[in-house]
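Student:
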Amino acid sequence: MQLEMFEFRGHLLAGVGEEGIRVYNFEDNRIIQEHVPPDHLRAVCQCIAWKENRESSTLTDEDNLFAVGTSVGSILVLRAKFNDLVATLVSDKTGEDQTCSTNCLRWSSHSGLFSGFDDGKVIQFNVEKRTVVCQWKAHSSPVYSLEILPHQNEYLITASQAIKMWDLKTKQCVRKFAGHSSPVFALKFAFTHQVEDGNLRSYFISAAQDDRLISAWEVNSNAERVVKKPVVTMIVSVNPTCITVSEPFDDNETVYVNILTADGYLKIFDLHINGFINKPSKPRNSICVASESERGKILPILAANFSVDNHAVIFLYGSAVAPGFAKLKLLDLESEVCLIREDPIRSFKLTLAHQSTTNAKAPIIDKKKVKYFHANDDCQLPVKNGNAENKLVSEVTMEERLMQLVGSSTVDVETVEVKPSLKSQTLLLTQGLHSKDDKILKKVLKTKNTETIKATVRKLPVTSLVPLLEYIAQQLRIKPRCTSYLLWLEQLCSFQTTYLCSNPEALDVMDKVLRLLQSRTSSLEKVYSLQGRLDMIFNNLSEKSTNVTPFSENKPKLVFSAEDWNSSEKEDAETTWNASKQRKLNGISSETEAATNKVGTVDCNDCLFENELMNTDE
3 MQLEMFEFRG
13 HLLAGVGEEG
23 IRVYNFEDNR
33 IIQEHVPPDH
43 LRAVCQCIAW
53 KENRESSTLT
63 DEDNLFAVGT
73 SVGSILVLRA
83 KFNDLVATLV
93 SDKTGEDQTC
103 STNCLRWSSH
113 SGLFSGFDDG
123 KVIQFNVEKR
133 TVVCQWKAHS
143 SPVYSLEILP
153 HQNEYLITAS
163 QAIKMWDLKT
173 KQCVRKFAGH
183 SSPVFALKFA
193 FTHQVEDGNL
203 RSYFISAAQD
213 DRLISAWEVN
223 SNAERVVKKP
233 VVTMIVSVNP
243 TCITVSEPFD
253 DNETVYVNIL
263 TADGYLKIFD
273 LHINGFINKP
283 SKPRNSICVA
293 SESERGKILP
303 ILAANFSVDN
313 HAVIFLYGSA
323 VAPGFAKLKL
333 LDLESEVCLI
343 REDPIRSFKL
353 TLAHQSTTNA
363 KAPIIDKKKV
373 KYFHANDDCQ
383 LPVKNGNAEN
393 KLVSEVTMEE
403 RLMQLVGSST
413 VDVETVEVKP
423 SLKSQTLLLT
433 QGLHSKDDKI
443 LKKVLKTKNT
453 ETIKATVRKL
463 PVTSLVPLLE
473 YIAQQLRIKP
483 RCTSYLLWLE
493 QLCSFQTTYL
503 CSNPEALDVM
513 DKVLRLLQSR
523 TSSLEKVYSL
533 QGRLDMIFNN
543 LSEKSTNVTP
553 FSENKPKLVF
563 SAEDWNSSEK
573 EDAETTWNAS
583 KQRKLNGISS
593 ETEAATNKVG
603 TVDCNDCLFE
613 NELMNTDE
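Following our numbering, the residues of the sequence shown are numbered contiguously, the last one being 620.
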């Protein structure tokens, strides 16, 4: 736990951080209270303030009340001695953002509790009645710090970057201060004294983030409405983180100022105000704490304050969980002080280790009943069913129950033994993910047995799901052809869908995997189309090759021989000539008979033609 803000009250110190609230007692040098609000993860504690003394209040001073502001705008009022939550205060911002963060708190002995919020508003609470007294807009930017000036008529100082002073009766801004160029995280009242003319002069100190100058401002009733310059400035070598102011001395014009710096040092200033001083003041003392066991290690000072009599400085160093306490007298301090102390957190760890070893009790184990398994086994003790003494009764299967209902059970219950399963590799995979051992992870993820993958993914803790998913995505980018990773990815998405969909980190990784798969499968449709066409071509070619008869098996319908060509040609020619001659003779004779029947005479021309034919035949 790191203290974000702390507040002293006498010998008590209350600090708040992300893990809750702690109260330290400097008289006993111990932690007297640790309180974790029930909603501390959502409502982080950010600021704290002790209640001022008031005799007429129904809440007595002995109760040691303090208020804690949260990041959601609520305010917790607790009692330090009894670790008791007294009240919870909530602003009634109707129609506005209800989760506005509470940045600062300050108690007033007469006016109740004041709080500053992110929206620039200041709200006044009545703690006894648990109601809001009033609220007003103090700054246009968030209010980071508050302080009360105890005059006859109380004034409230608010700071964002500029600093304003408000009259609590009229709620009007009566004075403005130049402030700082960055947010003011601390306002501390210094002292008030009366001058010769009878007027009161008050001084307060302001410190801002990333500003090495700490300013002291004068509040004078006769001063101008706008104060542009501080009366005194103090300078440190490293940015300040917190300031505390001592009670004024007898002359009522001198105070000590503690300033903690970001490097863990404590700077003490002797602030004596007598008019305007242009040159920044330097620290009177510089204190640090070094580790005794580790050379060169500085133990940071977490909080510092002055004792009640102003004769000593008390501070807290080391760690907020196990801090160290120190007290030094101011008169004995040199300008540079380095304390050599044992690291309290180291002693705290050694004490815890010693307690854990001394309080631990070894269990009594019968060696005859011990069974040893491999580290990767899905460990299930081999048990036997039965009612005998010192035997573990396992669950009866559904088959055995049905057989017992029928009354014809043939299962020998005494001999049923459950053997350990070797399928799950959950333990080995978890160790590989935790240690980021690439060899172990590759050995496990090479498994392609679906049953083994399912058994491993089912029993994998949810904290290992996102690292496993990231590793698989990384390997898919490196080795795109490794099918075992795709099998693991498939089972992981199948069995752990609910958790992966509800985890933003897992969704980001799944988005990357999806884009990777889409980039590699963008041409898959075209490849499938080409494969289909090639299959059709190959099928057609195979069908044609099966229907064609080999050339050796064909028998010719006609055989041609060149030797028989001459004789066959002559015979064909003679046959053709005789046939044509016979057709002609038959045609002439038929025509001659027809002409003779009509005329009865033969033309001389026909006779001549007949004679020519006869001569031709001869």
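Ideal Cβ positions, reconstructed from N, Cα and C, are used throughout, including at glycine.
Every value quoted in this text rests on a predicted model; they were computed, and no experiment measured them.
1) Can you tell which of G71, E20, I33 and V240 has the C-alpha that lies nearest to the C-alpha of F327?
2) When we look at the beta-carbon of A264 and count the other beta-carbons within 10 Å, is it buried (16 or more) or exposed?
3) Excluding sequence positions up to five away, which residues of its chain have a Cβ less than 7 Å from the Cβ of P1?
4) From R479 to A306, what distance separates their C-alpha atoms?
5) According to the neighbour-count rule (16 or more other Cβ atoms, all chains shown, within 10 Å of its Cβ), is Y530 buried or exposed?
6) Since T256 and H274 should fall inside the 8 Å C-beta cutoff, what is the C-beta to C-beta distance between them, to a whole number of angstroms?
7) Would you tell me roughly how many angstroms separate the C-alpha atoms of V339 and N287, rounded to the nearest one?
8) Using the Cα positions of S239 and S248, report the straight-line distance between them to the nearest angstrom.
9) Looking at the structure shown, is V459 part of a helix, part of a strand, or coil, going by DSSP?
10) So, is D345 buried or exposed, given that buried needs 16 or more other C-beta atoms within 10 angstroms?
11) Kindly identify the DSSP beta-bridge partner or partners of V464.
12) Can you tell which of T500, F127, S93 and R227 has its C-alpha closest to the C-alpha of F179?
13) Would you call the region 175-191 in contact with the region 205-217, where contact means no fewer than 3 C-beta pairs closer than 8 Å?
14) In this structure, what does DSSP give as the bridge partners for T160?
15) Helix, strand or coil: how does DSSP classify G320 here?
16) What separation, rounded to the nearest whole angstrom, lies between the Cα atoms of S208 and I150?
17) Between the C-alpha atoms of N505 and E472, what's the straight-line distance to the nearest angstrom?
18) Can you tell me which of Q433, D121 and E21 puts its alpha carbon nearest to the alpha carbon of A140?
19) Would the beta-carbon of C49 fall within 8 Å of that of I23?
20) Between which two residues does the beta strand (DSSP E) harbouring L14 extend?
21) Under a three-way DSSP split, which group does P346 fall into?
22) Per the DSSP calculation, Q126 is bridged to which residue(s)?
23) Can you tell me the Cα-Cα spacing of D86 and Q126, whole angstroms?
24) Going residue by residue through the region 258-321, where are the continuous beta strand (DSSP E) segments of at least 3 residues, counting only ones entirely within it?
25) Tell me whether A597 sits in a helix, a strand or coil according to DSSP, three-state version.
26) Does the separation of the CB atoms of V323 and N260 fall below 8 Å?
27) Go through its chain and collect everything with a Cβ distance to V464's Cβ below 6 Å, but skip five positions before and after it.
28) Beta carbon of R522, beta carbon of P482: below 8 Å?
29) Assign S544 to one of two classes, buried (16 or more other C-beta atoms within 10 Å of its C-beta) or exposed (fewer than that).
30) Given that a residue counts as buried once 16 or more other Cβ atoms are within 10 Å of its Cβ, and exposed if not, what is N387?
31) Just to confirm the assignment, what range does the alpha helix (DSSP H) spanning C102 have?
32) Quick check: I159 and L170, are their CB atoms within less than 8 Å of each other?
33) Could you say which of V468, D537 and S309 lies nearest to P250 if we only look at CA atoms?
34) Quick one: is D619 buried, meaning 16 or more other Cβ sit within 10 Å of its Cβ, or exposed?
35) Could you tell me the alpha carbon to alpha carbon distance between S426 and I455, rounded to whole angstroms?
36) What residue range does the beta strand (DSSP E) around K448 cover?
Tutor: To lay it out plainly:
1) Against the sequence shown, residue 327 aligns to sequence position 325. When only C-alpha atoms are compared, the closest one is I33.
2) Residue 264 sits at position 262 when you count from the first residue of the sequence shown. So A264 counts as exposed.
3) With the chain represented from 3 up to 620, any question about residue 1 goes unanswered, as that position is not in the structure.
4) In the sequence shown, residue 479 corresponds to position 477, counting from 1. In the sequence shown, residue 306 corresponds to position 304, counting from 1. When rounded, the distance between both Cα atoms is 55 Å.
5) Position 528 of the sequence shown, counted from the start, is the residue given in the question as residue 530. When all chains shown are included, Y530 counts as exposed.
6) Taking the sequence shown and counting its residues from 1, one reaches residue 256 at position 254. Taking the sequence shown and counting its residues from 1, one reaches residue 274 at position 272. Their Cβ separation, rounded to whole angstroms, is 5 Å, which keeps T256 and H274 in contact under 8 Å.
7) For the purposes of this step, residue 339 is taken as the residue at position 337 of the sequence shown. For the purposes of this step, residue 287 is taken as the residue at position 285 of the sequence shown. Whole-angstrom Cα-Cα distance: 8 Å.
8) As a working mapping, residue 239 is identified with position 237 in the sequence shown. As a working mapping, residue 248 is identified with position 246 in the sequence shown. Rounded to the nearest angstrom, the two C-alpha atoms are 22 Å apart.
9) Translated into positions along the sequence shown, residue 459 becomes position 457. Note: V459 maps to helix in three-state DSSP.
10) As a position in the sequence shown, residue 345 is number 343, starting the count at 1. The residue in question, D345, is buried, as its Cβ has 16 or more Cβ neighbours within 10 Å.
11) Translated into the one-based positions of the sequence shown, residue 464 becomes position 462. The partner list for V464 (beta bridge, DSSP) is empty, contrary to what the question assumes.
12) Within the sequence shown, residue 179 is the residue found at index 177, counting from 1. For F179, the nearest C-alpha among the options comes from R227.
13) yes
14) In the sequence shown, counting from the first residue as 1, residue 160 sits at position 158. Answer is L148 and K166.
15) Here residue 320 refers to the residue found at position 318 of the sequence shown. Of the three classes helix, strand and coil, the one that applies to G320 here is strand, per DSSP.
16) Against the sequence shown, residue 208 aligns to sequence position 206. Against the sequence shown, residue 150 aligns to sequence position 148. Roughly 13 Å between the two C-alpha positions.
17) Residue numbering aside, residue 505 sits at position 503 when the sequence shown is read from its first letter. Residue numbering aside, residue 472 sits at position 470 when the sequence shown is read from its first letter. Roughly 13 Å between the two C-alpha positions.
18) Here residue 140 is taken as the residue at index 138 of the sequence shown, counted from 1. It is D121 whose Cα lies nearest to the Cα of A140.
19) Indexing the sequence shown from 1 puts residue 49 at position 47. Indexing the sequence shown from 1 puts residue 23 at position 21. No; because the gap between Cβ atoms is not below 8 Å, this pair is not in contact.
20) Here residue 14 refers to the residue found at position 12 of the sequence shown. Counting along the chain, the beta strand (DSSP E) containing L14 begins and ends at L14 to G19.
21) Along the sequence shown, one-based indexing puts residue 346 at 344. Looking at P346 - three-state DSSP - the assignment turns out to be helix.
22) Taking the sequence shown and counting its residues from 1, one reaches residue 126 at position 124. Answer is F116 and C136, bridged to Q126.
23) Residue numbering aside, residue 86 sits at position 84 when the sequence shown is read from its first letter. Residue numbering aside, residue 126 sits at position 124 when the sequence shown is read from its first letter. Spanning the two alpha carbons is a distance of roughly 23 Å.
24) 268-274, 287-293, 303-308 and 314-320
25) Against the sequence shown, residue 597 aligns to sequence position 595. The pLDDT assigned to A597 is 48, lower than 50, so where the model puts this residue is not dependable; a value taken from the coordinates is nonetheless given after this. Residue state, collapsed to three classes: helix.
26) On the sequence shown, residue 323 is found 321 positions in, with the first residue counted as 1. On the sequence shown, residue 260 is found 258 positions in, with the first residue counted as 1. Cβ atoms of V323 and N260: not closer than 8 Å.
27) For the purposes of this step, residue 464 is taken as the residue at position 462 of the sequence shown. The answer, listed in chain order, is Y501.
28) For the purposes of this step, residue 522 is taken as the residue at position 520 of the sequence shown. For the purposes of this step, residue 482 is taken as the residue at position 480 of the sequence shown. Yes, Cβ-Cβ distance for R522 and P482 is below 8 Å.
29) As a working mapping, residue 544 is identified with position 542 in the sequence shown. By the 10 Å Cβ count, S544 comes out exposed.
30) Taking the first residue of the sequence shown as position 1, residue 387 is located at position 385. Model confidence at N387 stands at a pLDDT of 47, short of 50, so the residue's coordinates are unreliable; what they give is reported in the following sentence. Buried, because 16 or more other Cβ atoms sit within 10 Å of the Cβ of N387.
31) For this step, residue 102 is matched to residue 100 along the sequence shown. Taken as a continuous stretch (DSSP letters only), C102 belongs to no alpha helix (DSSP H), as it is neither H nor E.
32) One-based indexing of the sequence shown puts residue 159 at position 157. One-based indexing of the sequence shown puts residue 170 at position 168. No.
33) As a working mapping, residue 250 is identified with position 248 in the sequence shown. Of the listed residues, the one whose Cα sits closest to P250 is S309.
34) Numbered from 1 along the sequence shown, position 617 holds the residue referred to as residue 619. Since pLDDT at D619 reaches only 47, below the 50 mark, its modelled position is unreliable, and the value read off the structure follows with that caveat. Under this definition D619 is an exposed residue.
35) Within the sequence shown, residue 426 is the residue found at index 424, counting from 1. Within the sequence shown, residue 455 is the residue found at index 453, counting from 1. Those two C-alpha atoms are separated by around 7 Å.
36) Locating residue 448 in the sequence shown gives position 446, where the first residue counts as 1. First-last for K448: undefined, no H or E at that position.
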